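Enquirer: Starting off with a structure, shown below.
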């Protein structure tokens, strides 16, 4: 969220509500890749774009996200090989950063 990032960076005089807005983080990131502006993105979700140079981090300042993601499923679903494989893959991706 731009307002929180600007405040934590000590930036004043910038309207965080101006400019393009997107309903999807994917569209926001792709817009930045296409040169349409600057995007706030979760490091985990843009790390590949940063690694390949499709995106650059213009500032060292980062804001720790206060929200979380949850993987939920019925208890019996973990017995399904595909569910367990997906959960294990997701956890390994998170650990890899």
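Residue numbers (the working numbering): 3 to 99.
C-beta: ideal position from N, C-alpha, C; glycine also.
As the structure is a prediction and not an experimental result, all values here were calculated from the model.
Given a threshold of 16 other Cβ atoms within 10 Å of its Cβ, counted over all protein chains shown, does residue 64 qualify as buried or as exposed?
Expert: exposed
Enquirer: If we cut at 8 angstroms on Cβ distances, does residue 21 have a partner in chain C?
Expert: The question asks about chain C, but that chain is absent: this structure has only one protein chain.
Enquirer: Indicate the three-state DSSP secondary structure (helix, strand or coil) for residue 2 in the structure shown.
Expert: With the chain running from 3 to 99 in the structure shown, residue 2 is simply not present.
Enquirer: Looking at residue 60: is its Cβ nearer than 8 angstroms to the Cβ of residue 40?
Expert: By the CB criterion at 8 angstroms, residue 60 and residue 40 fall inside the cutoff.
Enquirer: Considering Cα atoms alone, identify which of 71, 48, 81 and 53 is closest to residue 93.
Expert: 71
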